[in-house]
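Asker:
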Amino acid sequence: MKINCEDIRDSLRNHLKAPRRQWVKFSIWGLIYIIFILWVGNLWWLLLLPLILDLFVTKYINWSWWRKYKESKPLIYTILSWIDAIVFALVAVYFINQYLFQNYQIPSSSLEKTMLRGDFLFVSKLAYGPRIPNTPLSMPLMQHTMPAWLGGGKSYIECPQWDYRRLSGLDTIHLGDIVVFNFPAGDTVALNMQNPDYYTLCYIYGSDRVHADKATFGDIVYRPVDRRENYVKRCVGLPGDVIEIRDNQVYRNGVIEADHDFVQYNYIVQTTGGLIAERIFEQMDIAREDQRLLNTQVYDVQEMLIQQGMDPYAPTYLLPLTKQNVRTFEANPNISRIVIEPEFMGGEVYPLGHNQWSRDNYGPIRIPRRNMTVHLDSSNYYLYERCIRNYERQQIEQKDGQIYINGQPTDSYTFQMNYFWMMGDNRHQSADSRHWGFVPEDHIVGRPVFIWLSLDPEKSLFKGKIRWNRIFRSAHI
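At the far end of the sequence shown sits residue 520, using our numbering, and the numbering has no gaps.
#1: Please report the straight-line C-alpha distance between Ser115 and Leu154, rounded to a whole angstrom.
#2: Given Arg289, which residues of its chain have a CB within under 8 Å of its CB, disregarding the five upstream and five downstream residues?
#3: Since Gln438 and Ile448 are thought to touch, with beta carbons under 8 Å apart, how far apart are those beta carbons, to the nearest angstrom?
#4: Rounded to the nearest angstrom, what separates Arg64 and Thr101 at their Cα positions?
#5: Confirm, please, whether the CB-CB distance from Ala518 to Pro483 is below 8 Å.
#6: Which residues mark the beginning and the end of the alpha helix (DSSP H) in which Gly73 is found?
#7: Would you call Phe463 buried or exposed, if buried means 16 or more other Cβ atoms sit within 10 Å of its Cβ?
#8: In chain order, what residues of the same chain lie with their CB nearer than 7 Å to the CB of Gly229, ignoring the 5 residues before and after it?
#9: What is the DSSP secondary structure of Cys202, counted as helix, strand or coil?
#10: Run through the DSSP bridge pairs and tell me what Met466 is partnered with.
#11: For Asp162, list the residues DSSP reports as bridge partners.
#12: With respect to the alpha helix (DSSP H) encompassing Thr371, which residues constitute its N-terminal and C-terminal limits?
#13: Along the chain, where does the beta strand (DSSP E) containing Tyr379 start, and where does it finish?
#14: Are Gly283 and Ile410 closer than 8 Å when you measure CB to CB?
#15: Pick helix, strand or coil for Ile410, following the three-state DSSP scheme.
#16: Name the one or two DSSP bridge partners that Gln237 has.
#17: Alpha carbon to alpha carbon, how far is Tyr274 from Asn433? Give it in angstroms, no decimals.
#18: What do you get for Ser107, buried or exposed, if any count of 16 or more other CB atoms within 10 angstroms of its CB means buried?
#19: Quick test of your reading: Pro533 and His486, contact by CB under 8 Å. State the CB separation rounded to the nearest angstrom.
#20: Identify the continuous beta strand (DSSP E) that holds Pro452 and give its terminal residues.
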């Protein structure tokens, strides 16, 4: 077949004779697309620019071919219209959720009273710069698992997986920022028992049992960084800082870090004889799940109360309280005694089984910083082992008192990433860095900007379920 250049030229000229408004649309969207490409830094995406030109101007491809069925086959037309709208919406949501912002719901009380269960947050990914996705082929709005009505299973395709890269952001993480991040210890998951995390399960039950007992623990799966659960905590330690906790007080580089007003601790609260009224709990925003009335008929509880100088038989609560809550109870004539929860109730901390620290007295430890070289020995091996193996992806082992990295004996390591120390404001009821360690920079998702909706999970729709006073409240607290 002979190609007629004149015909091709005439055809192109005719297609380019589009109305001015079509050229304006192409110019706007083309400029936005080019800016996006420059931001992402992948010039290969320029190859798609002719498709945008064709969509608005040349129209060689019949993008709306299904519209021809509008009169002849209205049912098919309606179905295809819905498919077109859904596909467009999914693509738009994918890019918005990946590069601009996402919704996050507070699932637990770990940040109370700063954030409450049922708060829905607008999380900016532009704040610290969005990440290029590790798993680009995924279903929008689904973190790692498809809902049961869609068959369950993974919501992403594991191949390809891209290396970590973060685009330019508007800011960096500052001390005291509330940060959303992927759960570092969520790289490996026992599907039937995800709380506590996999590493804690292995510590409690032993790795062999966790992997062998599928009836109890389920399959053991690995999740890429961007498919791990989202957590939200407050940053209390920056890369290179030395963090220590003494009697619940955080010290950063040897200096006391003052608690925020909404930070709370567990207190043992004993009354003069009666129970605390529900209205008082509501005034203090103490959720029902946090209202623990101790069973004073139990011998261990009685012993604990005696050790605290309390009546072993009087009604006694274990409650998370802010400083203001404590002052309110101290002024209440129906409260006979209030003391902070004893340290021995705090449980094990990171690295599990390899320290003498506790929830209330921890460290000191140095947070890794990019290009920082640390001396490695038996005293800090387990503190940094997971960072080096799981996050920096280097082979590391300790054998006969010698540390090996990638098979080579060494006594030092230079970190490739920055790390952060994250803690919940509900200090005695928060699973945070004290329990699972450092947060690598490649796990950072974004910064909450404001609360766009707040629903009280303990109330009905017509009895105060919507917390109107929290809607559009700033998350920078």
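Where is the CB? At the ideal position from N, CA and C, for every residue including glycine.
Answerer: Here's the rundown:
#1: 58 Å
#2: Result list for Arg289: Asn404, in chain order.
#3: Beta-carbon to beta-carbon, Gln438 and Ile448 are separated by about 7 Å, close enough to satisfy the 8 Å threshold.
#4: 13 Å
#5: no
#6: Arg63 to Val83
#7: buried
#8: Asp240, Arg266, Arg271 and Glu272
#9: coil
#10: Arg277
#11: Ser497
#12: Lys366 to Glu373
#13: The question names Tyr, but residue 379 is Ser in the sequence shown. Counting along the chain, the beta strand (DSSP E) containing Ser379 begins and ends at Ile378 to Ile383.
#14: yes
#15: coil
#16: In the DSSP output, where bridge partners are listed per residue, Gln237 has none listed.
#17: 18 Å
#18: exposed
#19: Here the chain covers residues 44 to 520 and nothing more, so residue 533 does not appear.
#20: For Pro452, the enclosing beta strand (DSSP E) stretches over residues Gln451 to Thr453.
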